[in-house]
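Numbering (UniProt numbering), first residue to last: 1 to 224.
Using N, Cα and C, we set each Cβ at its ideal position, and we do this for glycine too.
Bear in mind that the values here come from a model prediction, so they are computed numbers and not experimental data.
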Amino acid sequence: MQARIQALMDATFVRTWTRDRKLRAREETVPSRLLVQSVEKIDNPERFGCYSKRRDEFSSSRAVPSEYEIVSVISAAYFKELAGVDPCVSEAFLFHGTSRDSTVKIATRNLRLGHARSDGLFGKAGYFAEHSSKADEYSKQDGSGVYTMMICRVVLGATLVTDEHHNDARRMRELHGALDRGDCQSIMGVRRKTGYREFAIRDFELVYPEFIVRYHKQWTHMDD
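Spelled out as structure tokens, the structure:
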């Protein structure tokens with residue numbers, strides 16, 4: 001599994017500097033590679049049972065309204081052999097940058113909206129990335145140079161796609177309303193300059209953390 005995760009990390013790594021890297025990771029340059037040190041599979045049958053039930057409810061009862069989309073992500077090819085991934089509901093494996101301490105809470109407790117970030121692209125929500133390099137901007141090191149991110153199963157369902165940064169309070173309420181009513185299950189923000197796609201989720205029963213990845217950063221000059 002570690003070799004597969006390393007291949008996924010490499011394939012989804014884009015060496016592009018963003019403002020978030022400076023603001024969140026406090027880095028002026030981009031690492032050349034993320035080197036996987038260990039991969040831990042999370043075993044939480046109770047939580048996975050709740051997630052599977054919620055996924056199946058959506059699969060059997062929902063049609064996608066015309067104003068939303070079913071999207072695919074670039075990690076799909078690397079996890080196509082894993083059982084239970086349902087492309088009909090746009091179930092995907094996505095990265096979530098975090099800290100070593102936070103992984104314990106995320107892996108063992110039920111996530112709630114109250115735990116979510118409020119300073120993201122679409123306000124209070126859980127945020128997931130299809131690129132390891134994007135999630136790396138939010139990962140924290142543990143003091144020994146080791147960073148942590150999670151790979152989560154996420155039911156994206158019906159997705160609202162936008163390339164706008166919605167900092168208008170009224171528009172933000174509209175977006176949150178669409179998610180909270182179940183009109184759509186996710187918002188996909190496309191960064192105009194980098195092409196990064198980030199996914200915002202507010203229903204955490206549609207998220208199951210599956211892997212904890214610990215890694216080092218490899219640094220070389222951007223021109224190397």
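Counted within 10 angstroms of its Cβ, other Cβ atoms place residue i as buried (16 or more) or exposed
| i | result |
| --- | --- |
| residue 234 | This structure does not reach residue 234, given that the chain is present from 1 up to 224, and the question cannot be answered. |
| S90 | buried |
| residue 226 | Residue 226 lies beyond the range of the chain shown here (1 to 224); nothing can be said about it. |
| S75 | buried |
| A3 | exposed |
| V36 | buried |
| R21 | buried |
| A125 | buried |
| R181 | exposed |
| T159 | buried |
C-beta contact flag for residue i and residue j at 8 Å
| i | j | result |
| --- | --- | --- |
| R54 | L156 | no |
| V39 | V213 | yes |
| A200 | Y127 | yes |
| F48 | Y208 | yes |
| A11 | Y78 | yes |
| L34 | Y215 | yes |
| T220 | S32 | yes |
| S43 | R100 | According to the sequence provided, residue 43 is Asp. The question's Ser does not apply to it. The answer is no: Cβ separation not under 8 Å. |
| F211 | S132 | no |
| A129 | Y196 | yes |
| S59 | C88 | yes |
DSSP-derived helix/strand/coil call for residue i
| i | result |
| --- | --- |
| E210 | strand |
| V148 | Residue 148 is actually Thr in this sequence, not Val. Correct three-state label for T148: strand. |
| Y215 | strand |
| T98 | strand |
| R202 | coil |
| I187 | strand |
| S38 | strand |
| A92 | strand |
| residue 241 | For the chain, the structure presents residues 1 to 224; residue 241 sits outside this window and is missing. |
| E46 | helix |
| G177 | helix |
| V154 | strand |
| D122 | Reading off the sequence shown, one finds Phe at residue 122, where the question assumed Asp. Three-state result, F122: coil. |
| R33 | strand |
| E69 | strand |
| V161 | strand |
| Y78 | helix |
| R19 | helix |
For residue j and residue i, believed in contact at Cβ under 8 Å, the rounded distance
| i | j | result |
| --- | --- | --- |
| E198 | L121 | 6 Å |
| R15 | V30 | 5 Å |
| Q64 | A92 | Looking at the sequence shown, residue 64 is not Gln but Val. At roughly 15 Å, the Cβ-Cβ gap does not stay under 8 Å, so V64 and A92 are not in contact. |
Checklist entry - Touch check for the segment 176-191 and the segment 135-144: three-plus C-beta pairs under 8 Å? => result No contact exists between the segment 176-191 and the segment 135-144.
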